[in-house]
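K.L.:
Residue numbers (the working numbering): 10 to 214.
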């Protein structure tokens, strides 16, 4: 009899636990994303100031009121950056309003500020989309922003007889909320259709 009582008690506790878990799951349910990784909590990127292809300073306050998609790279990047920018141009143009949200902006941050001037970035980004914003400026400011964003880079040794700088770097595409916090990221390999779908869900939710 005692054994039966203990068994019944265990079953009751298991059911109660399951009900509690179901309530928690329902309460904490978030939209399903195909490829986006959500950061919980969203990360504060701190203060910074850089020069932009909009011919005015771009600071942490420039995130305010905008959904910002951000990528770090450099204008002479042989492969990763052109591929990422071509993909994001495709994503940007895939929406009826030509962007995932009326207040969305795409920002490309140079990891090679010694060679990437504002004018160079205007020419480079113009090959992909006229609305893409390029940022450059003091290296310390770029390091501050890239470190806060979890993006790392290192300069590879130049080949003998070549003056081409090769910078290996993280290739994640970052999404920053209108509150200026890093909310999500897309890790490579990138899929344009999945990113377009997730960006829409992120910026609506």
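Where a beta carbon is used, it is the ideal one built from N, C-alpha and C, also for glycine.
So what does DSSP say about residue 92, is it helix, strand or coil?
P.N.:
Along the chain shown, read from residue 1 onward, the residue named residue 92 stands at position 83. Helix.
K.L.:
Whole angstroms are fine: how far does the CA of residue 45 sit from the CA of residue 141?
P.N.:
As a first step, residue 141 must be located in the chain shown, where it is residue number 132. As a first step, residue 45 must be located in the chain shown, where it is residue number 36. Between residue 141 and residue 45, the C-alpha separation is close to 21 Å.
K.L.:
Helix, strand or coil for residue 53, going by three-state DSSP, please let me know.
P.N.:
Counted from its first residue, the chain shown places residue 53 at position 44. In this structure, residue 53 counts as strand in the three-state DSSP scheme.
K.L.:
Exposed or buried, what is residue 188 when buried is set at 16 or more other beta-carbons lying within 10 Å of its beta-carbon?
P.N.:
Locating residue 188 in the chain shown gives position 179, where the first residue counts as 1. Exposed: under 16 other Cβ atoms inside 10 Å.
K.L.:
Where do the N-terminal and C-terminal ends of the beta strand (DSSP E) with residue 72 fall, by residue?
P.N.:
The residue labelled residue 72 in the question sits at position 63 within the chain shown. Per DSSP, residue 72 belongs to no beta strand (DSSP E) and is neither H nor E.
K.L.:
Check the DSSP bridge columns for residue 144 and list the partner residues they point to.
P.N.:
Translated into positions along the chain shown, residue 144 becomes position 135. Answer is 61 and 118.
K.L.:
Give the single residue among 80, 60, 212 and 55 whose Cα lies nearest to the Cα of residue 122.
P.N.:
Walking along the chain shown from the start, residue 122 turns up at place 113. Answer by Cα proximity: 60.
K.L.:
By a C-beta neighbour count over all protein chains shown, 10 Å radius and 16 as the cutoff for buried, is residue 195 buried or exposed?
P.N.:
Mapped onto the chain shown, residue 195 falls at position 186. It counts as buried.
K.L.:
Taking residue 62 as the reference, which of 159, 206, 138 and 50 has the closest Cα?
P.N.:
Counting from one through the chain shown, the residue named residue 62 turns up at place 53. It is 138 whose Cα lies nearest to the Cα of residue 62.
K.L.:
For the structure I just gave you, are there three or more beta carbon pairs, one from the region 128 to 138 and one from the region 148 to 159, closer than 8 Å?
P.N.:
Judged by Cβ distances under 8 Å, the region 128 to 138 makes no contact with the region 148 to 159, as fewer than three pairs qualify.
K.L.:
Just to check my reading of the structure: residue 180 and residue 89 have Cβ atoms closer than 8 Å, yes? What is that Cβ distance to the nearest angstrom?
P.N.:
Position 171 of the chain shown holds residue 180. Position 80 of the chain shown holds residue 89. Between residue 89 and residue 180 the Cβ distance is about 5 Å, and since that is below 8 Å, they are a contact.
K.L.:
Need the endpoints of the alpha helix (DSSP H) that residue 132 sits in, please.
P.N.:
Position 123 of the chain shown, counted from the first residue, corresponds to residue 132. Segment 127 to 135, the alpha helix (DSSP H) holding residue 132.
K.L.:
Does DSSP put residue 78 in a helix, in a strand, or in coil?
P.N.:
For the purposes of this step, residue 78 is taken as residue 69 along the chain shown, with counting starting at 1. Residue 78: strand per DSSP, three-state reduction.
K.L.:
Which residue or residues does DSSP assign as beta-bridge partners of residue 213?
P.N.:
By one-based count along the chain shown, residue 213 stands at place 204. DSSP, once it has assigned bridges, lists no residue as partnering residue 213.
K.L.:
So, are the CB atoms of residue 72 and residue 185 less than 8 Å apart?
P.N.:
On the chain shown, position 63 is the one that residue 72 refers to. On the chain shown, position 176 is the one that residue 185 refers to. A contact, by the Cβ cut-off of 8 Å.
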